[in-house]
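For the protein sequence lines, the chains are G and V, in the order given.
My numbering numbers the first residue of the first sequence as 1 and each following residue consecutively.
My numbering numbers the first residue of the second sequence as 268 and each following residue consecutively.
Below you'll find the structure, written out as structure tokens, and then a few comments.
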Amino acid sequence: MSAITGAGSARPGGLLERIAWHWRHDPKLELWLALAAMVLFYNLYGIVFFLVANAQPPPDPAWELPRVQQWFNDNHYGLPIGFGIIFIVTFLTAACNALIAYSMRRMSVSPAFAYAYFIIYSFSAIPGMLLTCIALVVGAMRPDRDPELILWLYDLAFMAFDGTMGVFLVGTTIWMVAILLDKNRVFPKWFAYLNLCNAMTEVVVAPAWLFTDGVFAWDGAITWWIDMIVFVVYTGCFITLLRQMILREDFGSGPLPELPAAQAATS
Amino acid sequence: MWALVLFEGMLFTLYFAVYMVCRVQSPELFLDSQALLDPRWGVLNTLVMLTSSWSIARCVQASREGAYEQALRNLALTFFFGLVFVVLKVAEWSAEIRQGLTFTTNEFFSFYYFLTAIHFIHLLVGFAVLGIVAYQLRSPARRSQQIVETGATYWHLVDFLWVIIFALLYVMR
């Protein structure tokens, strides 16, 4: 059943005028802003972690103290600047989680799925990002700190980032089950299976706690590189599918209508 | 479900590729370590998995013909063989750990425990899938053939992965 709260006036032609029109009249404005926040966040995340802070791909877990100290010195500015940006934009993750939770509220499944996901992922930012950022910034800020503490901060940062995937695993599984049970066709079933694939990669990081070299270390082929490939594909897919969900959204409670063929081809 | 077969197939292909690269780099270590595995466990587990695939295929066939009681019996058989696999695998792991062969013993055994454990997790998920198939078959109000066949496809995937893991870890010299 459809219940679109449409806007009455026609859309003007110029770009700024269209933006103003959407700001005033578009019933999906909050959804588009949440999606924009998601795109912005993941782009900033990639740029900061990979380029500015140089924290990904992760450095070698087998490094001895002098080499670790050198790494902190080499990234003395990149770490606080990059993660300073992350501290500022962390609030965008709330919008990301809200949009995904919204997708589950639009499904025919219990609201418990959406709320459970939202709660779990609200906590996930701590071990999955913020703890790493804090530990590395602390390590970079005072190079004269006790060397053993520097090493400890280094280990804490990367073990927190690469070795704590439990919350993400549970959240991904919740989303997967919701999609499989959903009768409103919010997402295609193949995306639920991609969630399972992603969940599996979040299990295989566990050996990072045991190894400092080889494929199971925190920078290893299995625990990082393959996981990162899967994660990038997964993230690209869910951003695309969330966009399609917003385009299809009719604010009803039944199955989402499919996009018209022409719009689907260009979306 | 074919999307899952594709995704998991690609993921495991990457894991197998990493295994092969590491094996090429340390051939003697891998060969010597492989010799410490008892192939009889592997053969037995393979036979059990193949038999479970046979029984789930019979379940699907019976379901297609509308013989739902027979389908449920074959499903129960599949579940039973899955449990046998679980017991055998845990027994094998226990025996190996008692011999001092653990996850951190060397690179081969890291891969051995990793691949068999990740397969084991897929098997446990498979029990949930079989449960969903059973739920479908039990009531005339449900009995979605699509769900039955989807569940069977997943079980065949688990079997297929085990056959490759068996070949890589136990057989390939």
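We treat Cβ as the ideally placed atom computed from N, Cα and C, and that holds for glycine.
Compare the Cα-Cα distances from residue i to each of the options and report the closest residue.
{"i": "residue 383 of chain V", "options": "V/434, V/395, V/272, V/338", "result": "V/434"}
{"i": "residue 175 of chain G", "options": "G/162, G/160, G/163, G/193", "result": "G/193"}
{"i": "residue 301 of chain V", "options": "V/372, V/282, V/335", "result": "V/372"}
{"i": "residue 293 of chain V", "options": "V/378, V/411, V/426, V/394", "result": "V/378"}
{"i": "residue 196 of chain G", "options": "G/170, G/78, G/130, G/113", "result": "G/170"}
{"i": "residue 81 of chain G", "options": "G/89, G/52, G/69", "result": "G/52"}
{"i": "residue 427 of chain V", "options": "V/438, V/291, V/317", "result": "V/317"}
{"i": "residue 189 of chain G", "options": "V/414, V/323, V/393", "result": "V/414"}
{"i": "residue 42 of chain G", "options": "G/224, G/15, G/233", "result": "G/233"}
{"i": "residue 358 of chain V", "options": "V/309, V/412, V/320", "result": "V/309"}
{"i": "residue 422 of chain V", "options": "V/386, V/333, V/283, V/354", "result": "V/386"}
{"i": "residue 59 of chain G", "options": "G/158, G/97, G/142", "result": "G/158"}
{"i": "residue 29 of chain G", "options": "G/121, G/260, G/198, G/99", "result": "G/99"}
{"i": "residue 277 of chain V", "options": "G/257, G/154, G/230, G/78", "result": "G/230"}
{"i": "residue 281 of chain V", "options": "G/228, G/253, G/259, G/258", "result": "G/228"}
{"i": "residue 44 of chain G", "options": "G/76, G/85, G/74, G/70", "result": "G/85"}
{"i": "residue 419 of chain V", "options": "V/327, V/356, V/284, V/366", "result": "V/327"}
Do you know how far the Cα of residue j is from the Cα of residue i?
{"i": "residue 61 of chain G", "j": "residue 212 of chain G", "result": "5 angstroms"}
{"i": "residue 63 of chain G", "j": "residue 118 of chain G", "result": "37 angstroms"}
{"i": "residue 329 of chain V", "j": "residue 48 of chain G", "result": "56 angstroms"}
{"i": "residue 311 of chain V", "j": "residue 425 of chain V", "result": "16 angstroms"}
{"i": "residue 243 of chain G", "j": "residue 349 of chain V", "result": "41 angstroms"}
{"i": "residue 390 of chain V", "j": "residue 236 of chain G", "result": "29 angstroms"}
{"i": "residue 161 of chain G", "j": "residue 68 of chain G", "result": "17 angstroms"}
{"i": "residue 208 of chain G", "j": "residue 216 of chain G", "result": "6 angstroms"}
{"i": "residue 186 of chain G", "j": "residue 248 of chain G", "result": "9 angstroms"}
{"i": "residue 398 of chain V", "j": "residue 269 of chain V", "result": "20 angstroms"}
{"i": "residue 130 of chain G", "j": "residue 94 of chain G", "result": "14 angstroms"}
{"i": "residue 146 of chain G", "j": "residue 152 of chain G", "result": "10 angstroms"}
{"i": "residue 409 of chain V", "j": "residue 403 of chain V", "result": "5 angstroms"}
{"i": "residue 233 of chain V", "j": "residue 440 of chain V", "result": "Any question about residue 233 of chain V goes unanswered here, given that chain V covers just 268 to 440."}
{"i": "residue 344 of chain V", "j": "residue 322 of chain V", "result": "6 angstroms"}
{"i": "residue 14 of chain G", "j": "residue 23 of chain G", "result": "14 angstroms"}
{"i": "residue 168 of chain G", "j": "residue 245 of chain G", "result": "22 angstroms"}
{"i": "residue 401 of chain V", "j": "residue 353 of chain V", "result": "20 angstroms"}
{"i": "residue 127 of chain G", "j": "residue 173 of chain G", "result": "18 angstroms"}
{"i": "residue 271 of chain V", "j": "residue 251 of chain G", "result": "30 angstroms"}
{"i": "residue 5 of chain G", "j": "residue 273 of chain V", "result": "Because the pLDDT at residue 5 of chain G is just 44, under 50, the model does not fix this residue reliably, and the value given afterwards should be weighed accordingly. Rounded to the nearest angstrom, the two C-alpha atoms are 41 angstroms apart."}
{"i": "residue 341 of chain V", "j": "residue 360 of chain V", "result": "29 angstroms"}
{"i": "residue 370 of chain V", "j": "residue 210 of chain G", "result": "9 angstroms"}
{"i": "residue 135 of chain G", "j": "residue 35 of chain G", "result": "30 angstroms"}
{"i": "residue 339 of chain V", "j": "residue 324 of chain V", "result": "12 angstroms"}
Please compile the residues from chain G whose C-beta is within a distance smaller than 8 angstroms of the C-beta of residue i.
{"i": "residue 270 of chain V", "result": "189, 190, 193, 194"}
Among the residues of its own chain, which have a CB less than 7 angstroms from the CB of residue i, if the five just before and after it don't count?
{"i": "residue 108 of chain G", "result": "182, 183, 184"}
{"i": "residue 56 of chain G", "result": "49, 50"}
{"i": "residue 165 of chain G", "result": "202, 205"}
{"i": "residue 66 of chain G", "result": "none"}
{"i": "residue 72 of chain G", "result": "139, 140, 143, 150"}
{"i": "residue 275 of chain V", "result": "424"}
Using the beta-carbon of each residue, which ones in chain G are nearer than 9 angstroms to residue i?
{"i": "residue 275 of chain V", "result": "193, 196, 197, 200"}
{"i": "residue 432 of chain V", "result": "By Cβ distance, chain G contributes nothing, its closest Cβ being about 15 angstroms from residue 432 of chain V, past 9 angstroms."}
Along chain V, which residues have their Cβ under 8 angstroms away from the Cβ of residue i?
{"i": "residue 216 of chain G", "result": "377, 381"}
{"i": "residue 207 of chain G", "result": "370, 377, 381"}
{"i": "residue 226 of chain G", "result": "278, 281, 282, 285"}
{"i": "residue 210 of chain G", "result": "370, 371"}
{"i": "residue 230 of chain G", "result": "278"}
{"i": "residue 204 of chain G", "result": "381, 385"}
Using 7 angstroms as the cut-off, classify the Cβ of residue i as near or not near the heavy atoms of the ligand HEM, replying yes or no.
{"i": "residue 321 of chain V", "result": "You won't find the ligand HEM in this model; it holds no ligand whatsoever."}
Keeping to the same chain, check which residues put their C-beta closer than 8 angstroms to that of residue i; ignore five residues upstream and five downstream.
{"i": "residue 286 of chain V", "result": "378, 382, 435"}
{"i": "residue 304 of chain V", "result": "363, 379, 436, 437"}
{"i": "residue 296 of chain V", "result": "373, 374, 375"}
{"i": "residue 412 of chain V", "result": "330, 331"}
{"i": "residue 255 of chain G", "result": "183, 184, 185"}
{"i": "residue 38 of chain G", "result": "92, 95, 96, 99, 239, 242"}
{"i": "residue 191 of chain G", "result": "179, 237, 238, 241"}
Which residues in chain V sit within 7 angstroms of residue i, going by Cβ to Cβ distance?
{"i": "residue 222 of chain G", "result": "282, 285"}
For a contact meaning CB atoms closer than 7 angstroms, what does residue i contact in chain G?
{"i": "residue 374 of chain V", "result": "214"}
{"i": "residue 364 of chain V", "result": "In chain order: nothing, as chain G lies at least about 15 angstroms away."}
Take residue i and list the residues in its own chain whose beta-carbon comes closer than 6 angstroms to its own, dropping the five residues that flank it on each side.
{"i": "residue 19 of chain G", "result": "none"}
{"i": "residue 8 of chain G", "result": "Here residue 8 of chain G scores only 47 on pLDDT, less than 50, and its place in the model is too uncertain to base an answer on."}
{"i": "residue 154 of chain G", "result": "68"}
Start-end ranges of the beta strand (DSSP E) lying completely within the region 173-205 of chain G, minimum 3 residues: Fully contained in the region 173-205 of chain G is no beta strand (DSSP E) run of length 3 or more.
4-residue-minimum alpha helix (DSSP H) runs that sit fully inside the region 83-135 of chain G, ordered along the chain: Listed in chain order, they are 92-105, 111-125.
Chain C contacts made by the region 296-329 of chain V, where a contact means CB separation under 8 angstroms: In the structure shown, chain C cannot be found, because the protein chains are G and V.
Write down every uninterrupted run of the alpha helix (DSSP H) in the region 25-49 of chain G whose length is 4 residues or greater and which is fully enclosed by it, in chain order. DSSP runs (the alpha helix (DSSP H)) wholly in the region 25-49 of chain G: 29-46.
Ignoring anything shorter than 3 residues or poking outside the region 302-338 of chain V, list the beta strand (DSSP E) runs there in chain order. Segments of the beta strand (DSSP E) lying fully in the region 302-338 of chain V: there are none.
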